[in-house]
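In my numbering, the protein residues as written are 53 to 173. Here the structure is laid out as structure tokens; the discussion comes afterwards.
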Amino acid sequence: MSKRWSTVASWALALLLGALFVLAGAGKFLDFGRNARAFANWGYASWFVIVIGGLETLGGVLVFVPRLASYGAMVITVVMMGAAYTHASTGIGSPVGALIIIGLAAILARLRWADRRPFNV
Numbered sequence: 053m054s055k056r057w058s059t060v061a062s063w064a065l066a067l068l069l070g071a072l073f074v075l076a077g078a079g080k081f082l083d084f085g086r087n088a089r090a091f092a093n094w095g096y097a098s099w100f101v102i103v104i105g106g107l108e109t110l111g112g113v114l115v116f117v118p119r120l121a122s123y124g125a126m127v128i129t130v131v132m133m134g135a136a137y138t139h140a141s142t143g144i145g146s147p148v149g150a151l152i153i154i155g156l157a158a159i160l161a162r163l164r165w166a167d168r169r170p171f172n173v
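Given below as structure tokens:
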């Protein structure tokens, strides 16, 4: 893939995943009651909604920053691995959407890997 197409693809994925996860994370806080009930149905404590909402928002924001986009995509991947496991193990909902997002986030992490900021800054 040429550098130009790689850049276009990475920004398109970043916009898609960033918007999706900032909105999903914010939604967990804005409609806490409904989400807490859903998490309880899956066997999780209500406080876990705050953790997941925070991680989703963090991952969504990080993918907009080129030097941090790989790390944001990894956060999204981990969160969605948990979502896929939850849906598969409880039978409530389908894990397919989570698996698709895992794939897209992994592609973004790879495309932005060269731009990342090392932890030893």
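Positions of the beta carbon are idealized from the N, C-alpha and C atoms, including for glycine.
Are the CB atoms of residue j and residue i within a distance shorter than 7 Å?
i           : j           : result
residue 101 : residue 92  : no
residue 132 : residue 161 : no
residue 109 : residue 74  : yes
residue 105 : residue 77  : yes
Tell me where the alpha helix (DSSP H) around residue i begins and ends.
i           : result
residue 120 : Segment: none, residue 120 is in no alpha helix (DSSP H) and carries neither H nor E.
residue 145 : Premise fails: residue 145 is in no alpha helix (DSSP H) and is neither H nor E.
residue 105 : 100-114
Where residue i and residue j are concerned, what is the direct C-alpha to C-alpha distance, given to the nearest angstrom?
i           : j           : result
residue 168 : residue 114 : 11 Å
residue 137 : residue 144 : 11 Å
residue 165 : residue 55  : 13 Å
Whose CA, out of the options, lies closest to the CA of residue i?
i           : options         : result
residue 158 : 60, 65, 57, 140 : 65
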